[in-house]
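Asker: If you read the sequences in order, they're chains A and B.
With positions in the first sequence counted from 1, the corresponding number in my numbering is that position plus 23.
With positions in the second sequence counted from 1, the corresponding number in my numbering is that position plus 121.
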Amino acid sequence: MNWIDTILQGVLLGGLYALFAAGLSLVFGIMRLVNLAHGDLIILAAYLILVIVSALGLNPFLAALVAMPVMFALGWLLQRVVLNRVLGNDILPPLLVTFGLSIVIQNALLQGFSADSQRIGAGALETASVDFGPVTLGVMPMLTFASAILVIVGLNQLFYRTAMGRAFRATSDDPVTASLMGIKPASVFAQATGIAMIVVTIAALYLGMRANFDPTIGPARLIYAFEAVIIGGLGSLWGTLAGGVIIGVAQTLGAAVNPEWQILAGHVAFLLVLLVRPRGLFPRAYD
Amino acid sequence: MLTRRKLLKSAGSTGLLLGATGLATPLLAQGTTIKIGYVSPQTGPLAGFAEADAFTIETFARVAAEQGLDVQVIVKDSQSNPNRAAEVAQELIIDDEIHLMLVASTPETTNPVTTVCEGEGMPVISTMAPWQPWFIGQQGNPGDPASWQPFRYGYHYFWGLEDVIAVFTNMWGQLDTNKQVGGLFPNDADGNAWGDPNVGVAPGFAAAGFTTVDPGRYQNLTDDFSAQINAFKAANVEIVTGVVIPPDFTTFRNQAIQQGFSPKAITVAKAILFPQSVETLGEAGHNLSSEVWWTPSHPFKSSLTGESGADLAAAFTTATSRPWTQPIGFIHSLFEMATDVIKRAPDMTDREGVADTIAATSLETIVGKIAWDGADVPPFAAANVCKTPLVGGQWRRKDDGTFDLVVVDNTTAPAIPTGGTMEPLA
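(1) Starting from the Cα of T332/B, find the closest Cα among G312/B, G264/B, A314/B, V358/B and give me that residue.
(2) For G275/B, report the span of its beta strand (DSSP E) as first-last.
(3) Checking contacts by CB at 8 Å: is S398/B closer than that to chain A?
(4) Quick one: which residues of the region 154-185 of chain A get their C-beta closer than 9 Å to a C-beta of chain B? List them in chain order.
(5) Secondary structure at G266/A, three-state DSSP: helix, strand or coil?
(6) Can you pull the chain B residues whose beta carbon is under 7 Å from the beta carbon of D63/A, in chain order?
(7) Please check the pair L511/B and D284/B, which I expect to be a contact at CB under 8 Å, by giving their CB distance rounded to whole angstroms.
(8) Over the uninterrupted beta strand (DSSP E) stretch that includes Q515/B, give me the two end residues.
(9) Ignore the nearest five residues each way along the sequence and tell me which others in Q349/B's own chain have a CB closer than 8 Å to its CB.
(10) According to a CB-to-CB cut-off of less than 8 Å, which residues of the region 131-144 of chain A neighbour chain B?
(11) In the DSSP assignment, what residue or residues form a beta bridge with E485/B?
(12) Excluding sequence positions up to five away, which residues of its chain have a Cβ less than 6 Å from the Cβ of V209/B?
(13) What is the residue span of the alpha helix (DSSP H) that A86/A lies within?
(14) Excluding sequence positions up to five away, which residues of its chain have a Cβ less than 6 Å from the Cβ of R517/B?
(15) Rounded to whole angstroms, what's the CA-CA distance from D197/A to I66/A? Just pull it up for me.
(16) Taking a contact to mean a Cβ-Cβ separation below 8 Å, would you say T159/A touches G381/B in this structure?
(17) Can you tell me whether DSSP reads L526/B as helix, strand or coil?
(18) For A589/B, tell me which candidate among P307/B, V364/B, F456/B, I360/B has the shortest Cα-Cα distance.
(19) On the premise that K354/B lies in contact with L296/B, defined as a C-beta separation below 8 Å, what is that separation, rounded to the nearest angstrom?
(20) So for M54/A, helix, strand or coil by DSSP?
(21) So if I threshold CB-CB distances at 7 Å, which residues from the region 357-371 of chain B count as touching chain A?
(22) Within its chain, find whatever has a CB closer than 6 Å to the CB of A186/B; leave out the 5 residues flanking it on each side and keep chain order.
(23) Quick check: what's the CA-CA separation for P164/A versus I366/B?
(24) Straight-line CA distance for Y276/B to W269/B?
(25) Ignore the nearest five residues each way along the sequence and tell me which others in P306/A's own chain have a CB closer than 6 Å to its CB.
(26) Taking the alpha-carbon positions, what's the I72/A to N375/B distance?
(27) Report the start-end ranges of each alpha helix (DSSP H) in the region 350-385 of chain B that is 4 residues or longer and not cut off at the edges.
(28) Under 8 Å, Cβ to Cβ, is there at least one residue of chain A near I378/B?
(29) Counting only Cβ pairs nearer than 8 Å, list the residues of chain B close to S152/A.
(30) Listed in chain order, which residues of the region 242-255 of chain A have Cβ atoms closer than 9 Å to some Cβ of chain B?
(31) Could you name the residues of chain A that L342/B contacts, counting a contact when the two beta carbons are closer than 9 Å?
(32) Look up K197/B in the DSSP assignment and give the residues it is bridged to.
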């Protein structure tokens with residue numbers, strides 16, 4: 024077994040999981056909303072990018088830039104019109120609504136785009152790689168990992184350096200007191216979901232360039248995203264990246280022993296972390 | 122023994138219970154419309170198989186009207202879900218009172234429907250699933266051949282794993298390789314059947330002189346194949362095979378190229394069945410090979426319309442502006458079968474009689490001759506399984522980025538013309 028290669032591939036895989044999880048972490052951290060439609064929203068964004076690429080003939084990266092404001096608006100509207108109405112002390116209504124949303128998105132995409140496998144073509148970039156002596160790493164996985172880091176640095180800046188971020192943190196800590204200070208939780212939530220949708224668009228870009236997607240493929244990756252969020256600790260974005268990397272490395276190490284252990288190893292790592300640190304590695308909030 | 126069904130049937134035919142209960146349906150209704158039930162995955166991940174449904178049923182309705190047959194086709198969507206398939210099969214039999222069931226497209230659809238039909242005593246013609254998963258997969262104990270029972274009402278035509286093994290090894294035989302084969306078998310029904318060390322493909326490959334390297338079952342929709350790639354590199358694999366879903370195949374192919382693993386042949390089932398899936402691979406799709414069940418160049422004619430394969434494919438492309446796919450021929454043949462059975466059956470309301478009529482079929486269809494005569498089929502399945510020819514093909518990339526499927530090996534079915542010879546991957 025080539026240890027260095029296995030671990031590095033796992034770290035890069037973790038970057039992909041962290042990208043899937045970052046949007047989820049943001050929404051979960053601020054409004055304790057478990058968005059079961061997160062995977063389907065990623066697929067929706069992937070189709071949006073695909074449509075822009077084929078309609079305007081743009082480079083996929085530029086197409087994603089075009090798609091971001093559209094997804095932001097969609098997320099804002101979704102939160103304003105649907106999700107804000109179900110948020111409350113009971114965690115069940117938002118769960119049910121996002122579960123329903125997941126089914127609606129899948130079937131709407133199926134209606135609109137048929138069940139064909141689609142792919143966002145990135146030309147030579149798809150298979151390009153760099154030789155580092157003992158290991159050869161793909162350019163695409165490295166770009167994915169770099170993007171995950173950039174997304175998390177960006178979100179952290181937003182959280183700790185801007186007025187909007189202060190509002191996010193305040194609402195997350197105590198919505199009632201925050202609203203006494205003139206912050207409207209409903210509008211903060213809508214902005215947060217909009218920003219989460221921008222992250223979703225970036226995840227969609229890399230998912231779409233990495234492998235085929237079809238309307239029903241969304242929920243499959245949701246579990247790893249959830250695990251990354253939980254391992255990392257509630258509200259910690261760097262924790263989400265660490266969580267993604269832990270799952271990625273555990274999976275590639277498990278697979279190197281036997282591919283049957285690939286998925287199991289990820290789940291076992293998740294349980295082990297929870298056993299030692301029930302709140303995750305770097306929890307920001309205690310509640 | 123007097124069962125509920127026999128009582129209802131005899132009572133219905135003599136009209137005894139008709140007025141008395143109001144529930145018994147008059148099965149003897151000469152001159153009424155013959156109803157055909159058809160279950161297929163119209164939506165969901167398997168929807169590609171059902172792409173030609175509407176087109177085929179339209180053709181069938183037109184021809185049936187021309188020939189003066191009073192037939193109605195009732196289509197139900199399985200949503201690519203086995204439980205749903207069983208449910209709609211039940212609805213078709215009980216609520217819609219069909220006379221004949223047709224079913225197609227993967228064991229996830231054919232098996233639940235055939236099982237329901239067998240239980241309800243409804244004649245069913247099934248296709249587009251390798252016969253082992255269809256026949257053995259429905260047995261009470263798939264592990265014990267002595268316990269396997271034939272079906273009374275279920276009839277299936279397609280090829281089997283032994284044909285895939287023959288086709289794959291013939292194709293690889295055309296290349297100069299070290300005969301080391303790497304297997305990608307996922308943890309699903311197909312992957313477990315193919316990857317089984319005793320009854321899967323490995324013993325067959327071994328008989329033809331190929332050694333199989335199987336790193337183990339992996340989960341579908343995995344995002345990382347570096348373990349398999351490292352295992353294949355370590356074993357000096359020059360041929361990759363398997364039964365892989367399209368997204369996983371793209372992930373594997375890209376990672377293999379990124380990590381410098383370049384086999385001489387990649388021959389996989391499932392992932393590269395449809396041209397749309399191959400096109401998503403771009404240049405990496407050139408010269409990938411697969412088993413081929415039907416192409417427009419197969420030298421057969423439709424008994425329904427007299428069209429050749431090329432005519433049928435062209436008509437499909439004109440009607441839908443989509444490229445031809447392999448299921449088109451088989452869905453068409455299913456309705457050829459239905460027409461043939463309706464014409465030959467003395468009484469479509471007599472289910473036993475209809476089952477006997479199906480069993481006695483000998484029909485030249487667009488996918489070849491269909492007759493349940495037991496040719497090339499082990500005795501235990503001879504009554505219910507008929508084999509259609511299987512050959513090997515390669516996808517060739519054209520300058521405009523679209524792909525052509527070229528038949529490169531016909532050792533298993535010499536009647537089907539080849540369009541070239543096997544080429545190694547670049």
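Glycine included, every Cβ here is placed at the ideal spot set by N, Cα and C.
Answerer: The relevant details are as follows:
(1) Among G312/B, G264/B, A314/B, V358/B, the Cα nearest to that of T332/B belongs to V358/B.
(2) DSSP places G275/B in the uninterrupted beta strand (DSSP E) bounded by 275-279.
(3) At least one C-beta of chain A is nearer than 8 Å to the C-beta of S398/B.
(4) Those would be D154, V158, T159, L160, G161, V162, M163, P164, in chain order.
(5) Of the three classes helix, strand and coil, the one that applies to G266/A here is helix, per DSSP.
(6) Close partners of D63/A in chain B (Cβ separation under 7 Å) are lacking, with about 14 Å as the shortest Cβ gap.
(7) At roughly 4 Å, the Cβ-Cβ gap stays under 8 Å, so L511/B and D284/B are in contact.
(8) From DSSP, the beta strand (DSSP E) with Q515/B extends over 512-518.
(9) The residues are G303, L305, P336, Y339, F373.
(10) Going along the region 131-144 of chain A in chain order, one finds L133, S137, A138, D139, S140, Q141, R142, G144 with a Cβ nearer than 8 Å to chain B.
(11) Looking at the DSSP output, E485/B sits in a beta bridge with K490/B.
(12) Residues of the same chain with a CB within less than 6 Å of the CB of V209/B, apart from the 5 flanking positions on each side, are V160, K197 in chain order.
(13) Per DSSP, A86/A belongs to the alpha helix (DSSP H) from 83-100.
(14) If the five residues before and after R517/B are omitted, its C-beta is found closer than 6 Å to the C-beta atoms of D525, V527, all from its own chain and listed in chain order.
(15) Going from the Cα of D197/A to the Cα of I66/A covers about 33 Å.
(16) Cβ atoms of T159/A and G381/B: closer than 8 Å.
(17) Correct three-state label for L526/B: strand.
(18) Nothing in the structure corresponds to residue 589/B, since chain B is present only between 122 and 547.
(19) For a cut-off of 8 Å, the C-beta gap from L296/B to K354/B is around 19 Å, too long to register as a contact.
(20) In this structure, M54/A counts as helix in the three-state DSSP scheme.
(21) Those would be P367, P368, T371, in chain order.
(22) Result list for A186/B: empty, nothing under 6 Å.
(23) In this structure, the straight-line span from the alpha carbon of P164/A to that of I366/B is close to 21 Å.
(24) Taking C-alpha positions only, Y276/B is separated from W269/B by approximately 16 Å.
(25) Excluding sequence neighbours, P306/A sits near G256, L257.
(26) Between the alpha carbons of I72/A and N375/B lies a distance of about 21 Å.
(27) Look at the region 350-385 of chain B and you find these whole runs of alpha helix (DSSP H), each 4 residues long or longer: 367-379.
(28) Yes, I378/B counts as interfacial toward chain A.
(29) Here the neighbours are I378, Q379, Q380, G381.
(30) Hits within the stretch, in order: A243, R244, Y247.
(31) Taking a Cβ-Cβ cut-off of 9 Å, the neighbours of L342/B in chain A comprise A234, I240, A243, R244, given in sequence order.
(32) For K197/B, which the question treats as bridged, DSSP gives the partners V160/B.
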